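Below: one structure, written as C-alpha coordinates.
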Amino acid sequence: MGYILKGSPECVKSELELFHLPPTQTAIENGQWIEFHPLSNAFDGGPVEFPISISGDEYLDLSQTQLYVQAKILKADGSPILKEIKTGNNVSPETKIGPVNLFLHSFLSQVDVSLNDRLVSNSSNTYPYRSFIETLLNHGFDSKTSQLTSEMFYKDSDNGLGKRSKFFESSATVDMIGGLHSDLLHQERLLLNLVDLKIKLIRSKPEFGL
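Residue numbers (the working numbering): 1 to 210.
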(Lines of atoms letter the chains of each structure in order from A and count residues from 1; the text may use other names and numbers.)
(Lines give C-alpha, C1' and ligand atoms only; values in the text may rest on other atoms or scores of the structure.)
Protein backbone atom coordinates (compact mmCIF):
# COMPACT_ATOMS: atom_id res chain seq x y z
CA MET A 1 0.00 0.00 0.00
CA GLY A 2 1.39 3.36 -1.01
CA TYR A 3 1.76 6.48 1.11
CA ILE A 4 -1.60 8.20 1.74
CA LEU A 5 -1.62 11.98 1.42
CA LYS A 6 -3.57 13.96 4.00
CA GLY A 7 -7.06 14.73 2.72
CA SER A 8 -6.79 12.31 -0.20
CA PRO A 9 -10.08 10.39 -0.72
CA GLU A 10 -10.09 6.62 -1.01
CA CYS A 11 -10.86 4.98 -4.34
CA VAL A 12 -11.02 1.60 -6.02
CA LYS A 13 -8.78 0.60 -8.90
CA SER A 14 -10.63 0.53 -12.19
CA GLU A 15 -9.46 -3.06 -12.71
CA LEU A 16 -11.68 -4.11 -9.76
CA GLU A 17 -14.82 -2.34 -10.97
CA LEU A 18 -16.05 -5.34 -12.93
CA PHE A 19 -19.76 -4.56 -12.74
CA HIS A 20 -19.74 -0.75 -12.97
CA LEU A 21 -20.68 1.21 -16.06
CA PRO A 22 -17.96 3.62 -17.20
CA PRO A 23 -18.68 7.28 -16.38
CA THR A 24 -19.89 9.71 -19.04
CA GLN A 25 -18.02 12.99 -19.51
CA THR A 26 -20.46 15.93 -19.35
CA ALA A 27 -18.21 18.79 -18.18
CA ILE A 28 -16.85 19.79 -21.62
CA GLU A 29 -19.58 20.95 -23.99
CA ASN A 30 -17.53 21.56 -27.13
CA GLY A 31 -14.08 22.33 -28.45
CA GLN A 32 -12.53 24.27 -31.29
CA TRP A 33 -9.20 24.88 -32.98
CA ILE A 34 -7.87 28.45 -32.79
CA GLU A 35 -5.02 29.83 -34.92
CA PHE A 36 -2.46 32.10 -33.29
CA HIS A 37 -0.01 34.07 -35.43
CA PRO A 38 3.49 35.23 -34.42
CA LEU A 39 4.17 38.77 -33.27
CA SER A 40 7.40 39.27 -35.20
CA ASN A 41 8.36 38.76 -38.82
CA ALA A 42 9.35 35.16 -39.45
CA PHE A 43 11.78 36.12 -42.24
CA ASP A 44 14.31 38.26 -40.35
CA GLY A 45 16.06 35.37 -38.58
CA GLY A 46 15.17 36.52 -35.08
CA PRO A 47 13.09 34.70 -32.45
CA VAL A 48 9.44 34.06 -33.29
CA GLU A 49 6.98 34.64 -30.45
CA PHE A 50 3.39 33.42 -30.20
CA PRO A 51 1.24 35.21 -27.57
CA ILE A 52 -1.68 32.99 -26.57
CA SER A 53 -4.44 34.29 -24.33
CA ILE A 54 -7.85 32.76 -23.60
CA SER A 55 -10.61 34.80 -21.95
CA GLY A 56 -14.13 34.09 -20.77
CA ASP A 57 -15.10 30.60 -19.67
CA GLU A 58 -12.77 28.76 -22.05
CA TYR A 59 -9.82 26.52 -21.21
CA LEU A 60 -6.75 25.71 -23.27
CA ASP A 61 -5.76 22.11 -24.05
CA LEU A 62 -1.98 22.38 -24.34
CA SER A 63 -1.56 18.74 -25.34
CA GLN A 64 -3.22 19.53 -28.67
CA THR A 65 -0.83 22.38 -29.56
CA GLN A 66 0.33 22.13 -33.17
CA LEU A 67 3.00 24.16 -34.99
CA TYR A 68 2.26 24.83 -38.66
CA VAL A 69 5.17 25.98 -40.82
CA GLN A 70 5.58 26.82 -44.50
CA ALA A 71 9.24 26.64 -45.47
CA LYS A 72 11.46 26.70 -48.53
CA ILE A 73 15.20 26.60 -49.10
CA LEU A 74 16.83 29.57 -50.84
CA LYS A 75 20.39 30.56 -51.66
CA ALA A 76 22.29 32.93 -49.39
CA ASP A 77 21.34 35.88 -51.59
CA GLY A 78 17.65 34.98 -51.42
CA SER A 79 17.41 33.65 -54.98
CA PRO A 80 15.67 30.31 -55.66
CA ILE A 81 17.56 27.07 -56.23
CA LEU A 82 17.04 25.94 -59.82
CA LYS A 83 17.26 22.51 -61.35
CA GLU A 84 20.10 21.52 -63.65
CA ILE A 85 19.55 23.08 -67.08
CA LYS A 86 21.15 21.58 -70.19
CA THR A 87 21.44 23.73 -73.32
CA GLY A 88 23.75 22.15 -75.86
CA ASN A 89 27.22 21.90 -74.40
CA ASN A 90 26.42 24.37 -71.66
CA VAL A 91 25.24 22.83 -68.42
CA SER A 92 24.40 24.93 -65.39
CA PRO A 93 25.42 23.06 -62.23
CA GLU A 94 22.61 21.83 -60.03
CA THR A 95 22.66 22.84 -56.39
CA LYS A 96 22.10 19.69 -54.34
CA ILE A 97 20.79 20.43 -50.88
CA GLY A 98 18.24 18.94 -48.51
CA PRO A 99 17.04 19.24 -44.91
CA VAL A 100 18.14 17.02 -42.06
CA ASN A 101 15.71 14.52 -40.58
CA LEU A 102 12.66 15.77 -38.66
CA PHE A 103 13.11 19.20 -40.19
CA LEU A 104 10.05 20.72 -38.48
CA HIS A 105 11.98 20.52 -35.21
CA SER A 106 15.57 20.48 -36.46
CA PHE A 107 15.34 24.04 -37.77
CA LEU A 108 14.67 25.16 -34.17
CA SER A 109 17.44 25.29 -31.57
CA GLN A 110 15.36 26.32 -28.57
CA VAL A 111 11.70 26.52 -27.51
CA ASP A 112 10.80 28.67 -24.48
CA VAL A 113 7.36 28.43 -22.85
CA SER A 114 6.22 31.13 -20.41
CA LEU A 115 3.12 31.53 -18.23
CA ASN A 116 2.31 35.13 -17.24
CA ASP A 117 5.82 36.16 -18.35
CA ARG A 118 7.45 33.52 -16.12
CA LEU A 119 9.63 30.97 -17.91
CA VAL A 120 8.44 27.44 -17.09
CA SER A 121 10.47 25.42 -19.61
CA ASN A 122 14.07 24.29 -19.68
CA SER A 123 15.89 27.00 -21.61
CA SER A 124 18.63 25.23 -23.60
CA ASN A 125 19.67 24.83 -27.22
CA THR A 126 19.21 21.04 -27.23
CA TYR A 127 15.64 21.10 -28.54
CA PRO A 128 16.34 19.32 -31.87
CA TYR A 129 18.12 16.46 -30.07
CA ARG A 130 15.27 16.02 -27.61
CA SER A 131 12.71 16.04 -30.42
CA PHE A 132 14.58 13.40 -32.40
CA ILE A 133 15.13 11.10 -29.41
CA GLU A 134 11.48 11.34 -28.29
CA THR A 135 10.29 10.68 -31.82
CA LEU A 136 12.44 7.56 -32.13
CA LEU A 137 11.44 6.16 -28.73
CA ASN A 138 7.74 7.08 -28.56
CA HIS A 139 6.54 6.12 -32.05
CA GLY A 140 6.33 2.83 -33.90
CA PHE A 141 6.97 1.96 -37.52
CA ASP A 142 3.42 2.75 -38.68
CA SER A 143 3.47 6.21 -37.12
CA LYS A 144 6.94 7.00 -38.47
CA THR A 145 5.92 6.09 -42.02
CA SER A 146 2.60 7.98 -41.98
CA GLN A 147 1.70 10.90 -39.71
CA LEU A 148 5.29 11.83 -38.82
CA THR A 149 6.10 12.46 -42.46
CA SER A 150 4.17 15.73 -41.97
CA GLU A 151 7.08 16.73 -39.70
CA MET A 152 9.50 15.74 -42.48
CA PHE A 153 10.59 12.55 -40.71
CA TYR A 154 12.04 9.92 -43.01
CA LYS A 155 14.47 7.22 -41.99
CA ASP A 156 17.91 8.80 -41.99
CA SER A 157 19.52 7.03 -44.93
CA ASP A 158 20.46 8.02 -48.47
CA ASN A 159 16.93 7.13 -49.53
CA GLY A 160 15.42 9.23 -46.73
CA LEU A 161 17.57 12.24 -47.59
CA GLY A 162 16.49 11.93 -51.22
CA LYS A 163 12.82 11.92 -50.25
CA ARG A 164 13.19 15.01 -48.08
CA SER A 165 15.23 16.83 -50.72
CA LYS A 166 12.60 16.08 -53.35
CA PHE A 167 10.01 18.15 -51.46
CA PHE A 168 12.28 21.23 -51.43
CA GLU A 169 13.44 20.87 -55.04
CA SER A 170 13.56 24.15 -56.99
CA SER A 171 12.89 26.08 -53.76
CA ALA A 172 9.35 24.73 -53.53
CA THR A 173 7.26 25.74 -50.51
CA VAL A 174 6.67 22.82 -48.13
CA ASP A 175 3.93 22.61 -45.48
CA MET A 176 4.83 20.96 -42.17
CA ILE A 177 2.78 20.48 -39.01
CA GLY A 178 3.36 18.73 -35.70
CA GLY A 179 3.34 19.06 -31.93
CA LEU A 180 6.12 20.83 -30.04
CA HIS A 181 8.31 18.84 -27.66
CA SER A 182 7.95 20.65 -24.34
CA ASP A 183 7.06 19.31 -20.89
CA LEU A 184 4.15 21.71 -20.38
CA LEU A 185 2.70 20.86 -23.79
CA HIS A 186 2.81 17.12 -23.04
CA GLN A 187 0.62 17.13 -19.92
CA GLU A 188 -3.13 16.56 -20.21
CA ARG A 189 -4.35 19.16 -17.70
CA LEU A 190 -6.24 22.12 -19.16
CA LEU A 191 -4.85 25.63 -18.77
CA LEU A 192 -7.05 28.07 -16.88
CA ASN A 193 -8.41 31.11 -18.66
CA LEU A 194 -6.83 34.52 -18.10
CA VAL A 195 -3.39 32.88 -17.96
CA ASP A 196 -1.17 34.35 -20.66
CA LEU A 197 0.88 31.74 -22.50
CA LYS A 198 3.86 32.70 -24.62
CA ILE A 199 5.85 30.37 -26.86
CA LYS A 200 9.16 31.64 -28.24
CA LEU A 201 10.91 29.77 -31.03
CA ILE A 202 14.62 30.34 -31.65
CA ARG A 203 15.91 29.02 -34.95
CA SER A 204 19.04 26.98 -35.58
CA LYS A 205 21.81 28.09 -37.90
CA PRO A 206 21.30 27.08 -41.55
CA GLU A 207 24.42 24.90 -41.37
CA PHE A 208 22.73 22.75 -38.71
CA GLY A 209 19.46 22.04 -40.51
CA LEU A 210 20.66 21.71 -44.12
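Note that beta-carbon positions come from the ideal geometry of N, C-alpha and C, so glycine has one too. Quantities reported herein were computed from a predicted structural model and do not represent experimental measurements.
Beta-carbon gap between residue i and residue j smaller than 7 Å
{"i": "residue 152", "j": "residue 164", "result": "yes"}
{"i": "residue 125", "j": "residue 106", "result": "no"}
{"i": "residue 71", "j": "residue 195", "result": "no"}
{"i": "residue 111", "j": "residue 182", "result": "yes"}
{"i": "residue 201", "j": "residue 12", "result": "no"}
{"i": "residue 61", "j": "residue 184", "result": "no"}
{"i": "residue 104", "j": "residue 178", "result": "yes"}
{"i": "residue 100", "j": "residue 209", "result": "yes"}
Bounding residues of the beta strand (DSSP E) (the contiguous stretch that carries residue i)
{"i": "residue 29", "result": "That residue, residue 29, is in no beta strand (DSSP E); it is neither H nor E in DSSP."}
{"i": "residue 213", "result": "Lying before the first or after the last residue shown, residue 213 is absent from the chain, which here runs from 1 to 210."}
{"i": "residue 50", "result": "48–52"}
{"i": "residue 109", "result": "108–115"}
{"i": "residue 189", "result": "Note, residue 189: premise wrong, no beta strand (DSSP E); not H, not E."}
{"i": "residue 194", "result": "Segment: none, residue 194 is in no beta strand (DSSP E) and carries neither H nor E."}
{"i": "residue 178", "result": "174–178"}
Among the options, nearest to residue i - alpha-carbon criterion
{"i": "residue 32", "options": "7, 64 and 26", "result": "64"}
{"i": "residue 113", "options": "180, 45, 15 and 17", "result": "180"}
{"i": "residue 81", "options": "38, 21, 183 and 169", "result": "169"}
{"i": "residue 188", "options": "96, 43, 59 and 45", "result": "59"}
{"i": "residue 57", "options": "193, 210, 203 and 208", "result": "193"}
{"i": "residue 157", "options": "146, 203 and 102", "result": "102"}
{"i": "residue 54", "options": "116, 24 and 66", "result": "116"}
{"i": "residue 66", "options": "15, 9 and 37", "result": "37"}
{"i": "residue 138", "options": "166, 123 and 186", "result": "186"}
{"i": "residue 132", "options": "22, 29 and 148", "result": "148"}
Supposed contact pair residue j and residue i - C-beta distance, whole angstroms, cut 8 Å
{"i": "residue 50", "j": "residue 205", "result": "Contact flag wrong, Cβ pair sits at about 22 Å."}
{"i": "residue 73", "j": "residue 97", "result": "6 Å"}
{"i": "residue 203", "j": "residue 45", "result": "7 Å"}
Endpoints, the alpha helix (DSSP H) within which residue i is located
{"i": "residue 144", "result": "141–144"}
{"i": "residue 183", "result": "183–186"}
{"i": "residue 122", "result": "Unbroken run through residue 122: none, as it is neither H nor E."}
{"i": "residue 207", "result": "206–209"}
Does the pairing of the region 24–42 with the region 138–150 give three or more beta-carbon distances under 8 Å?
no
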